[in-house]
Amino acid sequence: MPELDLSKKVADRYLKREVLGEGTYGVVYKAIDTETGQTVAIKKIRLGKQKEGVNFTALREIKVLKELKYSHIIELIDAFPHKENLHLVFEFMETDLEAVIRDRNIFLSPGDIKSYLQMTLKGLAFCHKKWVLHRDMKPNNLLIGSNGQLKLADFGLARIFGSPDRRFTHQVFARWYRAPELLFGTKQYGSGVDVWGAACIFAELLLRRPFLQGSSDIDQLGKIFAALGTPSPSQWPDMVYLPDYVEYQYVPTPPLRSLFPIASDDALDLLSKMFTYDPKVRISAQQALEHRYFTSAPLPTEPDKLPRPAPKREPKASDFDSHEGPTVLSPPRKSRRVIPGRDGFEGNSVQRDKVDDNVGNSRQTAGDTTGKNDPAPMSLDFSVFGLKPPNRPTINSADRSHLKRKLDLDF
Ligand code: AMP
């Protein structure tokens, strides 16, 4: 990508189509680049008013992504300000790992799981090599392209780490993917937080449902300890010094095999190393990639052979209002238009999603084909964690305002 020139960008180059989803910091639209014909995804982020300062999250995402060019990291094609918004133009991705995991028509073989995890870890190892933490690992931030390539996306919370005494906010990650050191309020953490998140995703691929579904931070720690055993101070010496440390009732460490009966020995060995409590001892993303799990049979499935949700119907001309049609990004405000939600047009279910699931990801309710409320195949009896999972949490609004303040400070 050439050096980003924010001042000269012409916004009406992009033909805006339907809403793809809504993240923590902005709506994402599908769009066509009229110069190249390429389909892209445009994240529109409202820039703060001058007196509030600029939106550091957006600037951070640009800064981070400019430095991260890799096959398993989403490509930032372009970025430009327009009106009061900043637009980030990304390569378009067909689906995401959450949609794969939830799709009850999809059977994930051990080789498929290995492949998805390997691509996740490759993306993470690359970030960590460049001293970037992702800090928001979760299945719907792992986007999947039409060739089956998985890429890490949503770097709004990413930040550069490296200096051992830098203090960061611990209000990162959707709760179910948050490492225990974050839940105990640590301000100094490293790449291990992303590895813990990847471990939760690995477990979710094996179980076909989120592994540790806490309803609060305290409950999240309780769920972790109930599943993996309460850590002893000898296992994790720094734990008792963490800011929010409280003692939990002792639960012995159950064999992982009892939770993942169909996983291979190699899978469980790697999973246990990723779920190591002491972040200093936890396996790194690079070491995880070198684990024998990835070289033992079955080998990881080739990405283009991986099962993915059935492609969504491309919107036809009749899907758009015949008088207005799709609009370019830059016309005067009154003629700008976001296509309203309507049945059969999956990309527009954001508002409905916001009501019944705080994930805000339109793909999850797409025509109900993802089987959100139905058990996925290969689901195991995980009743110890409750039959019906609570709404998948993201960073909640209280966390978010706290986070916003923190981000403004530690950018
Ligand atoms: P984010 O703010 O990055 O979390 O994005 C919000 C939602 O927009 C995601 O959950 C996806 O559903 C969708 N999305 C984001 N980036 C892309 C992309 N590059 N291609 C397709 N959909 C995307």
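Sequential numbering from 2 applies to the sequence shown in my numbering.
C-beta: ideal position from N, C-alpha, C; glycine also.
Since this is a predicted model, take the numbers as computed values, not measurements.
In angstroms with no decimal places, state the Cα-to-Cα distance between residue 85 and residue 39. 25 Å
Just the Cα atoms here: how many angstroms apart are residue 184 and residue 37? One C-alpha to the other measures close to 46 Å.
Let me check understanding here. Comparing Cα to Cα, which of 182, 65 and 296 lies closest to residue 238? 182
Could you tell me if residue 62 is buried or exposed, where buried requires 16 or more neighbouring beta carbons within 10 angstroms of its beta carbon? buried
Mapping the DSSP letters down to three states, classify residue 181 as helix, strand or coil. helix
How about residue 177 and residue 211: do their beta carbons lie closer than 9 Å? Yes, Cβ-Cβ distance for residue 177 and residue 211 is below 9 Å.
Mind checking whether residue 280 and residue 198 have CB atoms under 9 Å apart? no
Following the continuous beta strand (DSSP E) through residue 248, name the residue where it begins and the one where it ends. Taken as a continuous stretch (DSSP letters only), residue 248 belongs to no beta strand (DSSP E), as it is neither H nor E.
Using a threshold of 9 Å, state whether the C-beta atoms of residue 65 and residue 156 are closer than that. Closer than 9 Å, so yes.
Span separating the alpha-carbon of residue 57 from that of residue 258: For residue 57 and residue 258, the distance between alpha carbons rounds to 44 Å.
Since residue 143 sits in a beta bridge, which residues does DSSP pair it with? 153
If distances are taken between C-alpha atoms only, which option among 119, 94 and 27 comes closest to residue 302? 119
Return yes when the Cβ of residue 102 is within less than 9 Å of the Cβ of residue 205, no when it is not. Yes; because the gap between Cβ atoms is below 9 Å, this pair is in contact.
If you follow the beta strand (DSSP E) that residue 81 is part of, which residue opens it and which one closes it? 77-83
Let me know the secondary structure DSSP gives residue 268 once reduced to three states. helix
What did DSSP end up calling residue 186 once you bin it into helix, strand or coil? coil
Neighbour-count burial assignment, residue 186, 16 or more Cβ in a 10 Å radius: exposed
Pull up the distance between the alpha-carbon of residue 387 and that of residue 216, whole angstroms please. With a pLDDT of 31 at residue 387, under the threshold of 50, the modelled position of this residue cannot be trusted, and the question is left open.
Three-state secondary structure (DSSP) at residue 16? Residue state, collapsed to three classes: strand.
From 252, 253, 219 and 234, pick the residue whose C-alpha is nearest to that of residue 416; which is it? Because the chain is modelled from 2 through 412, residue 416 falls outside the range shown and cannot be assessed.
Whether residue 131 touches residue 69 by CB criterion (9 Å): yes
Where do the ends of the alpha helix (DSSP H) carrying residue 90 lie? Taken as a continuous stretch (DSSP letters only), residue 90 belongs to no alpha helix (DSSP H), being part of the beta strand (DSSP E) at 86-92.
From which residue to which residue does the beta strand (DSSP E) around residue 282 run? From DSSP, residue 282 is part of no beta strand (DSSP E); its letter is neither H nor E.
Would you mind reading off the limits of the beta strand (DSSP E) that contains residue 30? 28-34
Distance, Cα to Cα, residue 125 vs residue 75? 12 Å
Look at the alpha carbon of residue 22 and the alpha carbon of residue 42, and state the distance between them as a whole number of angstroms. 10 Å
Hey, how far is the Cα of residue 292 from the Cα of residue 121? 14 Å
Using the rule of at least 16 other Cβ atoms within 10 Å of the residue's Cβ for burial, across every protein chain shown, is residue 99 buried or exposed? buried
Taking all protein chains shown into account, do 16 or more other C-beta atoms lie within 10 angstroms of the C-beta of residue 263, making it buried, or fewer, making it exposed? exposed
Are residue 261 and residue 271 touching if we call contact CB-CB under 9 Å? no
Within 10 angstroms of the Cβ of residue 298, are there 16 or more other Cβ atoms? Answer buried if so, exposed if not. exposed
Just checking my contact of residue 24 with residue 47 at CB under 8 Å: how many whole Å lie between their CB atoms? Going by Cβ atoms, the distance from residue 24 to residue 47 rounds to 12 Å, so no, they are not a contact pair.
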